[in-house]
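In the numbering used here, the protein residues as written are 164 to 1374. The beta carbon of each residue, even a glycine, is placed where N, CA and C say it ideally should be. Presented below is the structure to which this report refers.
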């Protein structure tokens, strides 16, 4: 890792001198309006003054010939707008609430009279509640909502989930989608500086500085058609820090959450497991005020969080009988049978494996699986974490027309056992892995009114977010024991008790500079500017550097189990499970693997060296636009933004790419060579034609009604770095996985040594394949384009009551040229091989042997090894199930030395060459990063907002929407097609496609007490005065659900087959939806489907409704045809304030927040045990695989009722 700067000096520089910054955004907005006389005539030449009521800082403007005025760059705050003109009384409106990037319209009427007289109206009367200025779809979450609404953990970003168009399948805002876009398309900033993880950008609302209510003043979420100066991204989320004023204000606070106040979860109760331990403490304080009156102001906040909590986790474990080799199954007649695998085969238990199994506790929750040989274990895993925040802001106006701001934020976090990232201890008392991080963000700006009509703002910033993941496991054996090969898409049969996670970490600092100029010219407000951003990603990863040995049967250790050994016969899936269990218990080694890394282009492979890379990327953009008030009732916005997203590069040239572009990955003679800094080879070409137009209108046909419509293009920053680094890592040569398949022997007999591979660059694809049978050629399309989103909206906004407006709008967008990497080396099948495969199927069905019956004509050409492995239970399962893709893709091509001439198969009699089955026989996969994805979103959105009035503010919205995509995005942005020839099979509703969403929140000061509508004093005020009620309500329909077979009937298994669905028979999709929800079977288990859709004998899907696709078939049901169960929750907060005899505004406040007030059990479909077979980034859980013995079983819920108590002293 690189040397760290001196943080104290940097903090002083950022806060007091404001000389540096990051991914910047414009945080100001405009205040505009017209000045008229009592007859409605316009008044040109009127002096308009805008004064901040908290700091007394003022600016002036003069109305134009149409009586209009504009203050183009105004910071958020509370203001007074006043006018002065000879022969008229002065007019004023206060308070005018200016919110970040929300234009404020304030029209004033002047009466004839003396200038010493003044007519003052309130902000509610003088400030429009509707947006008459532009077509942006944005929402402000104000200070009252942030401070008073019940927020679990006081996380401000949770309020993003309350906004129209924001959807997600979980309760966590960070995983949400905005208007159907990928999470990475959101631009989250703090004080104008990007606050995202720029290495892993998957989460829309994850802040490297977690955002707490104590220091956030307000935030703006623009979901569609952001103006040209808003910044890069499809949606914009702008958080603003609180600032000081001429008066001193502060608070001390303490919040506490305790499991004694919480309800237990549904399944913990059912299993007799105690509640998760919660002892959360949050405490700190804030202070804001003046240093120099009317000029220099400060705000400082410090807080800590201590969370010695636990998290409820579920693991799959072997039964006590299975550990002794006893295997239970249903025979062909459906009768239960049990055999001892050791006695059947003569295999003896391996002592090393037994020592590992001894770490696994006895089961305590059999409901987690229907497999009679497996069970479940639930426990509360320690999830202790310690955090602290430091937040400082300074505002300085040394002289009129010049304003400086600076802010500094620091967050420190430590979690030694981390269940959130699934790297915690696998079972109680065992070593686990965790993380630690110290993150910093700084921002500064200089705003200058250069002339009465020209204002310029220079903003700059930086963020640093180093994070390191460590493991307490020391691997005293000197190697790791693995139960499956994750590289082949396999999942453990049951939980491995050893945490095999290896240390890794990264730091992704961002540096940014933004300039924005506004020029008011008559009825035009022009804006011009540009933004430069520099991103640096410094990462390390020790994954694989400890030798690992994978257990199971293979070509070296032959599987001794056959169906004939099992009384009454046995199903293929059960036979495969029995083989997997025996392979583990016997300690049979089938594969060894270890990762070797280089430290420079000339070092060669260094034993034990971790992988280190420094990726750099630069961004630049310029923009220009105009807000043109064509008439008092019609405003047009238009502009153009040009984006340049530089090509990432590796600082030391430690990267490999195939030579020759995309065609090279299918060239058997392809070579890979160095790329990146100093090599003369870029990863791909610059994309220079990224022009993003923006146009919108706001037409006010009536005084309280506005019609708005807009269209724009927004270029987005996707998971660029992880996509590129995943592609680069796919080309072995600098980080080489040295894998040896088909090993013989057991752990007890000693593990074979793993020798470092030979280092050679450039090297051919064949040389890579000889080093690793699963080798890849991974490239990036040289013409890779920057993804973008077309957005449009049309809607009507109307003020229905004072301070209350409703908007009905249609919102749509289309994601174009979205990033998706695919595999073009899809297995193929000669016609004569397909026919022979069918004959083998018929033989197996008729004679329980694929070799007996009809004569095979192609398989013999594969040599004696192919015939020998016809007795393998896994091979027979593939043949029986028609999984020709799995047989070829996961067996033949991974064992070329046995089956293909030219690779060694000729020694076993093979005359078939690998190119009969693969376009490029000299690589396993051939992956290309390209613009292979799209998305579509259409929605009706209805929103009702009430500004604070008479002690009440509220926000309510409803969204009826639909999202379609062929890939929802991921950290690596890789997903191979199930069939390259049928790409239409990939179109689906992602899990964040929520059809119906209703959100509501309100803050209500009960109108009883001192200074309220029903004024009380003394004892009466102490008892019944000062109460407030606050609430959040969220109701949504279920997320999209995929019902799958995962059969490799066309392509190989693993991630490619997860999209293979099923044949729906006997019922249609509507009937299937009607029979989807929350059900219970006769044993009380919770099911997603009507029990009639599940075979009660096997736990699998009922074959009368669901059937697996056959040979060369894809499921006809399609992806995400139905939705899961509805979700609803109500949170409630109660506050009671007592005045303190210190100052007029001093008070103590007690608060009590309840989350999920009615303790509704919202059952979670996708939150399954970590070892559930079939889990992947598509979101397909094991319980939605029709071949699973736990099909349709639900075993988790969202949060049960939780409570939080708080105490504040405010002054």
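Integer Cβ distance of residue 1046 from residue 1211, believed to fall under 8 angstroms: The residue you call residue 1046 lines up with position 883 of the chain shown. The residue you call residue 1211 lines up with position 1048 of the chain shown. Rounded, the Cβ-Cβ distance is 4 angstroms, consistent with contact.
Residues sharing a beta bridge with residue 568, DSSP: Walking along the chain shown from the start, residue 568 turns up at place 405. Answer is 558, 608.
For residue 1028, three-class secondary structure by DSSP: By 1-based counting over the chain shown, the position of residue 1028 is 865. Reduced to three states, the DSSP call for residue 1028 is helix.
Endpoints, the beta strand (DSSP E) within which residue 1041 is located: Reading the chain shown from its first residue, position 878 is the one you call residue 1041. Here residue 1041 belongs to no beta strand (DSSP E); instead the alpha helix (DSSP H) covers 1036-1044.
Every unbroken beta strand (DSSP E) within the region 1128-1190, with a cutoff of 3 residues, ordered by chain: 1159-1168
8 angstroms Cβ cutoff met for residue 885 and residue 1135: By one-based count along the chain shown, residue 885 stands at place 722. By one-based count along the chain shown, residue 1135 stands at place 972. Yes, Cβ-Cβ distance for residue 885 and residue 1135 is below 8 angstroms.
Residue 939 vs residue 847 beta-carbon contact at 8 angstroms: Looking up residue 939 in the chain shown gives position 776. Looking up residue 847 in the chain shown gives position 684. It is not a contact, given that the beta carbons lie outside the stated cut-off.
Local conformation of residue 1033 per DSSP, three classes: Translated into positions along the chain shown, residue 1033 becomes position 870. DSSP places residue 1033 in helix when its eight states are reduced to three.
Residue 704 beta carbon less than 8 angstroms from that of residue 690: Within the chain shown, residue 690 is the residue found at index 527, counting from 1. Within the chain shown, residue 704 is the residue found at index 541, counting from 1. No Cβ-Cβ contact shorter than 8 angstroms links residue 690 with residue 704.
Separation of residue 552 from residue 461, as counted between CA atoms: As a working note, residue 461 is residue 298 in the chain shown. As a working note, residue 552 is residue 389 in the chain shown. One C-alpha to the other measures close to 17 angstroms.
Proximity of residue 291 and residue 384 at Cβ, strictly below 8 angstroms: Working through the chain shown from its first residue, we reach residue 291 at position 128. Working through the chain shown from its first residue, we reach residue 384 at position 221. For residue 291 and residue 384, no; Cβs fall outside 8 angstroms.
Residues near residue 1074 in its chain [Cβ-Cβ closer than 6 angstroms; skip 5 each side]: Within the chain shown, residue 1074 is the residue found at index 911, counting from 1. So the qualifying residues of the chain are 1024, 1064.
Complete beta strand (DSSP E) runs within the region 1262-1320 (minimum length 3 residues, chain order): 1290-1302, 1310-1318
Straight-line gap, residue 258 to residue 246 (C-alpha atoms, nearest Å): If you number the chain shown from 1, residue 258 lands on position 95. If you number the chain shown from 1, residue 246 lands on position 83. One C-alpha to the other measures close to 15 angstroms.
Inter-stretch contact at 8 angstroms, needing at least 3 Cβ pairs: the region 1124-1139 / the region 1092-1102: yes
Spatial neighbours of residue 583 in its chain, beta-carbon cut-off 8 angstroms, leaving aside the 5 residues before and after: In the chain shown, the residue the question calls residue 583 occupies position 420. For residue 583, where only same-chain residues beyond five positions count, the Cβ hits under 8 angstroms are 474, 546.
Three-way DSSP call (helix, strand, coil) for residue 1322 in this model: In the chain shown, residue 1322 corresponds to position 1159, counting from 1. It is coil, neither helix nor strand.
Own chain, CB closer than 8 angstroms to residue 261, minus 5 neighbours either side, in chain order: Translated into the one-based positions of the chain shown, residue 261 becomes position 98. Excluding sequence neighbours, residue 261 sits near 192, 194, 237, 238, 239, 240, 241, 242, 267.
Neighbourhood of residue 882 by C-beta distance below 8 angstroms, restricted to the same chain and skipping five residues each side: Along the chain shown, read from residue 1 onward, the residue named residue 882 stands at position 719. For residue 882, where only same-chain residues beyond five positions count, the Cβ hits under 8 angstroms are 347, 363, 364, 365, 982, 1132, 1133, 1134, 1135, 1136.
Coil, strand or helix - residue 846 by DSSP: Taking the first residue of the chain shown as position 1, residue 846 is located at position 683. Coil, per DSSP.
Counted within 10 angstroms of its Cβ, other Cβ atoms place residue 1365 as buried (16 or more) or exposed: Here residue 1365 refers to the residue found at position 1202 of the chain shown. The residue is buried, with at least 16 neighbouring Cβ atoms inside 10 Å.
Nonlocal neighbours in the same chain, by C-beta distance under 8 angstroms from residue 511, ignoring five residues either side: As a working mapping, residue 511 is identified with position 348 in the chain shown. 505, 749, listed in sequence order.
Contained alpha helix (DSSP H) runs [length at least 4] in the region 856-937, N- to C-terminal order: List check, alpha helix (DSSP H) in window: 883-892, 928-934.
Beta-carbon spacing of residue 253, residue 230 below 8 angstroms: Within the chain shown, residue 253 is the residue found at index 90, counting from 1. Within the chain shown, residue 230 is the residue found at index 67, counting from 1. No, the pair does not count as a contact, with Cβ atoms beyond the cut-off.
Residue 399 - partner residues in DSSP beta bridges: Translated into positions along the chain shown, residue 399 becomes position 236. Answer is 350, 385, bridged to residue 399.
Check whether residue 810 and residue 300 have beta carbons under 8 angstroms apart: As a position in the chain shown, residue 810 is number 647, starting the count at 1. As a position in the chain shown, residue 300 is number 137, starting the count at 1. Not closer than 8 angstroms, so no.
Best match in 494, 517, 728 for proximity to residue 487 [C-alpha to C-alpha]: In the chain shown, counting from the first residue as 1, residue 487 sits at position 324. Comparing Cα positions, the closest option is 517.
Beta-bridge pairing of residue 1238 - partner residues as DSSP gives them: In the chain shown, residue 1238 corresponds to position 1075, counting from 1. Paired residues: none, contrary to the question.
Reference residue 441; option with closest CA among 426, 450, 432: Here residue 441 refers to the residue found at position 278 of the chain shown. The shortest Cα separation from residue 441 among 426, 450, 432 belongs to 426.
Cβ neighbours of residue 1320 in the same chain (closer than 6 angstroms, five flanking residues each side left out): By 1-based counting over the chain shown, the position of residue 1320 is 1157. Answer for residue 1320: 1293, 1295, listed in chain order.
Residue range of the unbroken alpha helix (DSSP H) whose run includes residue 1050: Locating residue 1050 in the chain shown gives position 887, counting from the first residue. Note, residue 1050: alpha helix (DSSP H), 1047-1050.
Terminal residues of the alpha helix (DSSP H) in which residue 504 lies: If you number the chain shown from 1, residue 504 lands on position 341. It spans 504-508 - the alpha helix (DSSP H) in which residue 504 sits, taken as one unbroken run.
Contacting residues, own chain, Cβ-Cβ under 7 angstroms from residue 776 (five flanking each side not counted): Taking the first residue of the chain shown as position 1, residue 776 is located at position 613. Taken in chain order, the residues that qualify are 702, 813, 817, 888.
Backbone CA spacing between residue 1363 and residue 722 [nearest angstrom]: Against the chain shown, residue 1363 aligns to sequence position 1200. Against the chain shown, residue 722 aligns to sequence position 559. Looking at the two C-alpha atoms, the distance is approximately 47 angstroms.
Boundaries of the alpha helix (DSSP H) in which residue 514 is found, first to last residue: Position 351 of the chain shown, counted from the first residue, corresponds to residue 514. Where residue 514 is concerned, the enclosing alpha helix (DSSP H) stretches over 514-520.
Contacts around residue 1198, its chain only, beta-carbon distance under 6 angstroms, and the 5 residues preceding and following it disregarded: One-based indexing of the chain shown puts residue 1198 at position 1035. Correct list, in chain order: 1161, 1291.
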